[in-house]
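Asker:
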């Protein structure tokens, strides 16, 4: 009998694409994949006013996946909560129900029904799924047009994420951006850059950004995510900092000529996975943002 995997989708656009890449990895390994989007809208915007409410960035049919039936989803949640699944595994001596996250996942240790919750930010899932993601995203007209265009030589997208990262104490320091921009000026011919940010007031208050071509502002709790992603993948180079939104844009668009700059470490205070490729440029992330 073909094994079944339920992959939970959570977070913003970048994280969702990582999870769909993982789902594709499972599918390529002969697992029937069902997608759950049941927790996407459960961020309490009143208690967390700086955190945008999440929704599915792209329709699942772009990726060839179907969503799990809601009744089945609730049933599986119930039997896990009541530990019925553990009991059935034990009395039958068979691997019927399994649960795993990125740290405990083993492809050669699947159960009959597997439930997966996490961000799945591993290079092995992305490396096998980049073409899959590109093909799926081309169903979105604006992204297809962006990918079919030739990036302007020297064009660079700089992503600055602050709102929720300030609460998390993971916002990057101004020194990170100074060093990243200086590196680009020294190493990229015809360097010019545009900024994508959720904190336009802070960006406009920093004189170092006075020479930017354009600022794309994504207000909290507004939906310009796909629009900005489509714009971002028109660029040749990327200063991704420590956000999966710009990281995924860089992964989708980058070529042999692209220069990609990433924070090192990705997070100062939380567990993270190093997703940087060997050719990417790492700039120290060791100061608290002011």
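Residue numbers (our numbering): 9 to 298.
Heads up, the beta-carbon is just placed ideally off N, CA and C, and yes, glycines get one too.
None of the values given here were measured: they were computed from a predicted structure.
Does the stretch 161-179 come within contact of the stretch 197-212, defined as at least 3 CB pairs closer than 8 Å?
Answerer: Enough Cβ pairs lie closer than 8 Å, so yes.
Asker: Taking the straight line between their C-alpha atoms, what separation do you get for residue 102 and residue 119?
Answerer: The residue given as residue 102 occupies position 94 in the chain shown. The residue given as residue 119 occupies position 111 in the chain shown. Straight-line Cα distance between these residues: approximately 8 Å.
Asker: Here's the rule: buried if 16 or more other CB atoms are within 10 angstroms of the residue's CB, otherwise exposed. What is residue 267?
Answerer: Here the question's residue 267 lines up with position 259 in the chain shown. With 16 or more Cβ atoms within 10 Å of its Cβ, residue 267 is classed as buried.
Asker: Closer than 8 Å, CB to CB, is residue 91 near chain D or not?
Answerer: You won't find chain D in this structure, because it holds only one protein chain.
Asker: Count the other CB atoms within 10 Å of the CB of residue 157; is the residue buried (16 or more) or exposed (fewer)?
Answerer: Reading the chain shown from its first residue, position 149 is the one you call residue 157. Exposed, by the Cβ-count rule.
Asker: Provide the residue span of the beta strand (DSSP E) that contains residue 40, from first to last.
Answerer: For the purposes of this step, residue 40 is taken as the residue at position 32 of the chain shown. Where residue 40 is concerned, the enclosing beta strand (DSSP E) stretches over 40-44.
Asker: Do you know whose CA, among 269, 189, 280, lies nearest residue 178's CA?
Answerer: Along the chain shown, read from residue 1 onward, the residue named residue 178 stands at position 170. The shortest Cα separation from residue 178 among 269, 189, 280 belongs to 280.
Asker: Expressed to the nearest angstrom, what Euclidean distance is found between the alpha-carbon atoms of residue 13 and residue 140?
Answerer: Numbered from its first residue, the chain shown carries residue 13 at position 5. Numbered from its first residue, the chain shown carries residue 140 at position 132. When rounded, the distance between both Cα atoms is 19 Å.
Asker: Which residues in the same chain have their Cβ closer than 6 Å to the Cβ of residue 258, if we skip the five residues on either side of it in sequence?
Answerer: The residue given as residue 258 occupies position 250 in the chain shown. Result list for residue 258: 246, 248, 268, in chain order.
Asker: For residue 222, which residues from the same chain have a beta carbon less than 7 Å from its beta carbon, with the 5 sequence-adjacent residues on both sides left out?
Answerer: For the purposes of this step, residue 222 is taken as residue 214 along the chain shown, with counting starting at 1. The residues are 202.
Asker: Could you give the DSSP three-state label for residue 167: helix, strand or coil?
Answerer: For the purposes of this step, residue 167 is taken as residue 159 along the chain shown, with counting starting at 1. It is a strand residue.
Asker: Going along the chain, which unbroken runs of the beta strand (DSSP E) with 3 or more residues stay wholly within the stretch 102-162?
Answerer: Runs of the beta strand (DSSP E) inside the stretch 102-162: 105-108, 121-124.
Asker: What do you reckon, are the CB atoms on residue 124 and residue 144 nearer than 8 Å?
Answerer: Reading the chain shown from its first residue, position 116 is the one you call residue 124. Reading the chain shown from its first residue, position 136 is the one you call residue 144. Not in contact: residue 124 and residue 144 (Cβ atoms no closer than 8 Å).
Asker: On a Cα-Cα basis, can you pick out the residue from 137, 146, 10 that is closest to residue 27?
Answerer: Indexing the chain shown from 1 puts residue 27 at position 19. The candidate whose alpha carbon is nearest that of residue 27 is 137.
Asker: Are residue 48 and residue 63 touching if we call contact CB-CB under 8 Å?
Answerer: Counting from one through the chain shown, the residue named residue 48 turns up at place 40. Counting from one through the chain shown, the residue named residue 63 turns up at place 55. Cβ distance < 8 Å, so residue 48 and residue 63 count as in contact.
Asker: Taking C-beta to C-beta, are residue 2 and residue 95 nearer than 8 Å?
Answerer: One cannot answer for residue 2 here, as it falls past the ends of the chain, which runs 9 to 298.
Asker: Go through the stretch 179-231 residue by residue and report every complete run of the alpha helix (DSSP H) that reaches 4 residues or more, in order.
Answerer: Runs found: 182-195, 208-213.
Asker: Let me know the alpha helix (DSSP H) ranges lying completely inside the stretch 229-296, each 4 residues or longer, listed in chain order.
Answerer: Fully enclosed alpha helix (DSSP H) runs of 4 or longer: 233-240, 252-261.
Asker: Counting along the chain, where does the alpha helix (DSSP H) carrying residue 29 start and finish?
Answerer: The residue you call residue 29 lines up with position 21 of the chain shown. Residue 29 -> alpha helix (DSSP H) spans 21-36.
Asker: What are the start and end residues of the beta strand (DSSP E) that includes residue 47?
Answerer: The residue labelled residue 47 in the question sits at position 39 within the chain shown. Unbroken run through residue 47: none, as it is neither H nor E.
Asker: Let me know if residue 261 comes out buried or exposed under the rule of 16 or more other beta-carbons within 10 Å of its beta-carbon.
Answerer: Along the chain shown, one-based indexing puts residue 261 at 253. Counting Cβ neighbours within 10 Å, residue 261 comes out buried, since at least 16 surround it.
Asker: So what does DSSP say about residue 174, is it helix, strand or coil?
Answerer: Working through the chain shown from its first residue, we reach residue 174 at position 166. Residue state, collapsed to three classes: helix.
Asker: Are residue 31 and residue 73 touching if we call contact CB-CB under 8 Å?
Answerer: The sequence position of residue 31 within the chain shown is 23, counting from 1. The sequence position of residue 73 within the chain shown is 65, counting from 1. Cβ atoms of residue 31 and residue 73: closer than 8 Å.
Asker: For residue 18, which option in 182, 45, 38 has the closest C-alpha, if you only look at C-alpha atoms?
Answerer: Locating residue 18 in the chain shown gives position 10, where the first residue counts as 1. With distances taken between Cα atoms, residue 18 lies closest to 45.
Asker: In three-state terms, what does DSSP make of residue 14?
Answerer: Locating residue 14 in the chain shown gives position 6, counting from the first residue. In this structure, residue 14 counts as strand in the three-state DSSP scheme.
Asker: Can you tell me which of 275, 22, 113, 86 puts its alpha carbon nearest to the alpha carbon of residue 176?
Answerer: As a working mapping, residue 176 is identified with position 168 in the chain shown. Taking only the C-alpha atoms, the option nearest residue 176 is 275.
Asker: How many angstroms separate the CA atom of residue 85 from the CA atom of residue 188?
Answerer: Here residue 85 corresponds to residue number 77 of the chain shown, with the count starting at 1. Here residue 188 corresponds to residue number 180 of the chain shown, with the count starting at 1. Between residue 85 and residue 188, the C-alpha separation is close to 45 Å.
Asker: Can you have a look at residue 287 and say buried or exposed, based on whether 16 or more other CB atoms are within 10 angstroms of its CB?
Answerer: If you number the chain shown from 1, residue 287 lands on position 279. When all chains shown are included, residue 287 counts as exposed.
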